[in-house]
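Numbering (my numbering), first residue to last: 522 to 658.
Glycine is no exception: its CB is placed at the ideal position from the N, C-alpha and C atoms.
Notes follow once the structure below has been shown.
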């Protein structure tokens, strides 16, 4: 899409690509968190079950904001499992780890999202794209 929002086309593309990685990481983390919510067992069940629910709800809400910003930049937001698998730095979990493994994986996933958001922030800030920079913080 050819748009003029005061950001050069090449910069919009770079920012949108970085946000697409953030969208994929966030979606993969959302799926993992939701799965762990359903499957957690053990002595920390109640606390983790509730915490995972709060987290997957927050992740779900952020997905729409990220995708809408990609669209506002004139690019298509990725929306398939295959696209997310290719773009995400977070790997899916084929098994069900114990509650400690779940917590460890989710901490790692949140750290990955933070790093991806920092990359998007740098690109947005460099192009003076305040809405994208705000989204990445």
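Of the residues 568, 536 and 626, the one whose Cα lies closest to the Cα of residue 594 is 536.
Taking one beta carbon from each stretch, the stretch 526-545 and the stretch 566-581 have fewer than 3 pairs nearer than 8 Å; the two do not touch. Between the stretch 597-605 and the stretch 575-583 there are fewer than three C-beta pairs closer than 8 Å, too few to call the two in contact. Judged by beta-carbon spacing, residue 633 lies within the 9 Å limit of residue 610, meaning their Cβ atoms are closer than that value. It is roughly 48 Å from the alpha-carbon of residue 561 to the alpha-carbon of residue 527.
Shown here for residue 630: same chain residues with a beta carbon closer than 7 Å to its own, the five before and five after excluded, namely 550, 553 and 611 in chain order. Counting C-beta atoms within 10 angstroms of its own C-beta, residue 616 has fewer than 16 neighbours from the protein chains shown and is therefore classed as exposed. According to the DSSP assignment, residue 568 belongs to the alpha helix (DSSP H) that extends over 566-593. Between the alpha carbons of residue 584 and residue 657 lies a gap of roughly 12 Å.
Of the candidates 598, 529, 525 and 636, the residue whose Cα lies closest to the Cα of residue 648 is 529.
In this structure, residue 652 lies away from residue 592, with their beta-carbon atoms at least 9 Å apart. In its chain, beyond the 5 residues on either side, 535, 536 and 539 have a beta carbon closer than 7 Å to the beta carbon of residue 644. Contact check for residue 608 against residue 599 passes: the beta carbons are separated by less than 9 Å.
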